[in-house]
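**Q** Questions regarding the structure given below will be posed in turn.
Numbering (the working numbering), first residue to last: 446 to 855.
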């Protein structure tokens, strides 16, 4: 069964569950990320059929089953399950911020950790936030997400004010090898004088694209994808190592309410679609907005340059001289400026990427940056992909973004 056939099949699954059952045996022998979209479909017959399969024959069936169980737990508070929150006695030693990232490192019982902080927001009920963080940690810890660009999740920690015991935030705890020093992609883009080999950059791009598939399959909208939130375990040989997404401080579960709040930080806005910028964004956040963010990151990876330049003064943040957007930063008409920056990013992808990364990679980046454009010929009209389970937009993303990246042969 070819790539396109499997993708069409994932969409067809919503109306023909008999087809899913007939082809499960064939699918389970092949790694196909569209398989994981089954985790989103809330139909009991899928659980029944998966239960009849032999999970030991393939990690795919096992992973889908675990994801569906995690979703069942998150949807039903009456389901008994062990707490994902780590006990108060859980001690994190040797904390250290990862340069140019919001995440930090630490250790527990000889195990290396990456700690991702999620602040408690005043405008959001703390009980709802606690539930959302619990569900996020459950999903991330219920599967082995390594192929999808996520470190293994150990659980979550509640952060409290020592004097009042009021919850001030949460920490998602990921485990990593003890003797490898994590670096943010922003740090690598900013300090590495020359780009890494083409095959390594393509591998990094594929992993980032897969991580978005995993999150979407898990009903998670990240809302904060940027080089600061891409952590890389760099190998001693100076090659790019495994990557993981962090920075879940703005995450939202797909079925949860989205809060129409933002900020005016230009260094964050360039990773946001123009309609998701500013203090009061025009649109609710969807998977397509994450896809746009992925596109900007892929552009930086391809050109191997940082669009955001930091100095020793944390308040001094400037745009890269290679990206002509300075005149639009701080412009009075922010909507027009955001649209202009989007056009500049698209032009960079069209004119500069083919020579260094090839036409397929360039087309993928353009597809990401234009995924919400009404005249987009590659991704299609957003209205064609609106469905309750969010399957169809995931299918189109896998077909037009992930599969295209995986075609690149170096």
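All C-beta atoms, glycine included, are put in the ideal place defined by N, C-alpha and C.
#1: Indicate whether residue 585 and residue 563 have their beta-carbon atoms separated by less than 9 Å.
#2: Any idea what DSSP makes of residue 775, helix, strand or coil?
#3: Just list the residues that DSSP pairs residue 541 with in beta bridges.
#4: Thinking residue 733 and residue 779 are a contact (beta carbons under 8 Å), I'd like their distance in whole angstroms, please.
#5: On the CB-based measure, 16 or more other CB atoms within 10 Å of its CB, does residue 653 come out buried or exposed?
#6: Measuring CA to CA, which of 729, 805, 696 and 579 is closest to residue 744?
#7: Under 9 Å, do residue 670 and residue 689 count as touching if we go by C-beta distance?
#8: At the level of alpha carbons, what is the spacing between residue 580 and residue 655?
#9: So residue 794 and residue 807 are supposed to be a Cβ contact under 8 Å. How far apart are they, rounded?
#10: Taking the beta carbon of residue 679 as the centre, do at least 16 other beta carbons fall within 10 Å, making it buried, or is it exposed?
#11: Counting only the same chain and skipping the five closest in sequence on each side, list residues whose C-beta sits under 8 Å from that of residue 541.
#12: At what residues does the beta strand (DSSP E) containing residue 597 begin and finish?
#13: Where residue 821 and residue 657 are concerned, what is the direct C-alpha to C-alpha distance, given to the nearest angstrom?
#14: Look at residue 614 and residue 582 and say whether their C-beta atoms are less than 9 Å apart.
#15: Among the candidates 736, 711, 587 and 752, whose CA atom is the shortest distance from the CA of residue 636?
#16: Below 6 Å CB to CB, which residues in the same chain sit around residue 801 once its five sequence neighbours on both sides are set aside?
#17: Going by C-alpha distance, which of 810, 570, 629 and 693 is nearest residue 739?
#18: Can the beta-carbon of residue 853 be found closer than 9 Å to that of residue 803?
#19: Give the range of the beta strand (DSSP E) segment to which residue 559 is assigned.
#20: Check whether the Cβ atoms of residue 737 and residue 816 lie closer than 9 Å to each other.
#21: Taking only runs that begin and end inside the stretch 775–822, name each unbroken alpha helix (DSSP H) of 4 or more residues, in chain order.
#22: Going by DSSP, what residues sit across from residue 753 in a beta bridge?
#23: Straight-line CA distance for residue 587 to residue 598?
#24: Using CA atoms only, rank isn't needed, just tell me which of 754, 760 and 685 is closest to residue 766.
#25: For residue 623, I'd like the list of residues in its chain whose CB is within less than 6 Å of its CB, leaving aside the five on either flank, ordered along the chain.
#26: Can you look up residue 745 in the DSSP assignment and give me helix, strand or coil?
#27: By DSSP's criteria, residue 857 is part of a beta bridge. Which residues make up the other side?
#28: Exposed or buried, what is residue 413 when buried is set at 16 or more other beta-carbons lying within 10 Å of its beta-carbon?
#29: Pick out whichever of 644, 772 and 605 has its Cα sitting closest to the Cα of residue 571.
#30: Given 8 Å as the limit, tell me if residue 637 has its C-beta closer than that to any heavy atom belonging to the ligand ADP.
#31: Mind reading off the beta-carbon distance from residue 596 to residue 560? Whole number of angstroms is fine, and I expect it under 8 Å.
**A** Once the coordinates are examined:
#1: no
#2: coil
#3: 550
#4: Wrong, their Cβ atoms sit about 21 Å apart, outside the cutoff.
#5: With 16 or more other Cβ atoms within 10 Å, it is buried.
#6: 805
#7: no
#8: 21 Å
#9: Confirmed, about 6 Å.
#10: buried
#11: 549, 550 and 551
#12: Premise fails: residue 597 is in no beta strand (DSSP E) and is neither H nor E.
#13: 21 Å
#14: no
#15: 752
#16: none
#17: 810
#18: yes
#19: 556–564
#20: For the pair residue 737 and residue 816, the CB atoms are nearer than the 9 Å cut-off.
#21: 779–796, 798–802 and 804–814
#22: 764
#23: 8 Å
#24: Here the closest residue by C-alpha is 754.
#25: 557
#26: helix
#27: Residue 857 falls outside the range modelled here, since the chain spans only 446 to 855, and no answer is possible.
#28: In the structure as shown, the chain begins at 446 and stops at 855. Residue 413 is therefore absent and cannot be evaluated.
#29: 605
#30: For the structure depicted, the ligand ADP is absent and the ligand set is empty, with no information on it obtainable.
#31: Approximately 11 Å separates the beta-carbon atoms of residue 596 and residue 560; this is outside 8 Å, ruling out the contact.
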